[in-house]
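For the sequence shown, our numbering assigns the number 159 to the last residue and increments by one with no breaks.
Backbone N, C-alpha and C fix where the C-beta goes; we use that ideal spot for every residue, glycine too.
Being a predicted model, the structure only gives us computed values, none of them experimental.
This report refers to the structure that appears directly beneath it.
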Amino acid sequence: MAPEASAVALFYTAGAGPDQGEELAEGGRDFPQPWRFPDTEGLCSALGDYLADSGMGVRLYVAGSEAFLWRVVATARDGVGISEAAIQMERCGPPARPVCCIHCKTTDPAVSTTVYQCPGCGLNLFVRDHFSRRLGVYQGVCVDAEAPGDVPEPEELDS
Numbered sequence: 001m002a003p004e005a006s007a008v009a010l011f012y013t014a015g016a017g018p019d020q021g022e023e024l025a026e027g028g029r030d031f032p033q034p035w036r037f038p039d040t041e042g043l044c045s046a047l048g049d050y051l052a053d054s055g056m057g058v059r060l061y062v063a064g065s066e067a068f069l070w071r072v073v074a075t076a077r078d079g080v081g082i083s084e085a086a087i088q089m090e091r092c093g094p095p096a097r098p099v100c101c102i103h104c105k106t107t108d109p110a111v112s113t114t115v116y117q118c119p120g121c122g123l124n125l126f127v128r129d130h131f132s133r134r135l136g137v138y139q140g141v142c143v144d145a146e147a148p149g150d151v152p153e154p155e156e157l158d159s
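This is the structure in structure tokens:
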């Protein structure tokens with residue numbers, strides 16, 4: 001699936017709703033064919049191969065959850081060398097964030113509250129607004145380190 005000059009390609013994973021890949025392909029641009037993948041890993045593997053065969057001036061538009069966006073950006077940036085200036089991102093869907101526990105390094109791809117329990121070490125974590133572009137995650141820090149058991153009520157994250 002080597003790209004042609006000024007080609008437009010559609011790589012996607014189907015979400016919970018109806019699969020509208022064919023409708024997207026018919027949406028006014030001449031897509032050679034939409035490539036549907038069962039998961040993000042398969043999509044990123046194929047996208048990396050596709051981008052590796054691309055020439056100069058390639059642009060990438062990515063839409064999806066925050067965890068998905070940063071996984072695809074890492075594939076393009078780290079795997080193929082596309083600059084972030086050539087990548088446009090659109091977060092859509094619920095405001096869940098990928099969070100990495102700074103204590104045990106467990107990553108949870110979809111945290112939707114300000115306080116949650118780490119699935120790796122069991123600590124109650126506060127989800128900070130600190131974001132690592134390199135890792136594609138927000139930082140989770142122990143919320144009750146100074147006063148064990150004093151855990152604030154979780155609040156829904158803003159979008």
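Rounded straight-line distance, which links the Cα of residue j to that of residue i
i      : j      : result
Trp70  : Gly79  : 13 Å
Phe131 : Cys100 : 10 Å
Val72  : Ser54  : 16 Å
Cβ-based neighbour list, residue i, same chain, cut-off 6 Å, excluding 5 preceding and 5 following
i     : result
Ala67 : Pro98 and Pro109
Ala5  : For Ala5, the predicted structure reports a pLDDT of 49, less than 50, and the residue's modelled location is therefore unreliable. A value from the coordinates is still provided. The answer is none, since no qualifying residue turns up.
Glu90 : Ala63
Endpoints, the beta strand (DSSP E) within which residue i is located
i      : result
Thr13  : Leu10 to Thr13
Val62  : Leu60 to Gly64
Asp129 : Asn124 to Ser132
Gly42  : Note, Gly42: premise wrong, no beta strand (DSSP E); alpha helix (DSSP H) at Thr40 to Ala52.
Pair within 8 Å by beta-carbon distance, residue i and residue j
i      : j      : result
Tyr50  : Ala86  : no
Ser65  : Ala46  : no
Cys92  : His103 : no
Thr75  : Gly48  : yes
Val151 : Val127 : no
Cut-off 7 Å between Cβ atoms - residues of its own chain near residue i, not counting five sequence neighbours on either side
i      : result
Glu155 : Thr113 and Thr114
Asp39  : Thr13
Residue i: first and last residue of the uninterrupted alpha helix (DSSP H) it sits in
i      : result
Asp108 : Per DSSP, Asp108 belongs to no alpha helix (DSSP H); it is in the beta strand (DSSP E), Thr107 to Val111.
Test: residue i CB closer than 8 Å to a CB of chain B
i     : result
Asp39 : Here there is only one protein chain, and chain B is not present.
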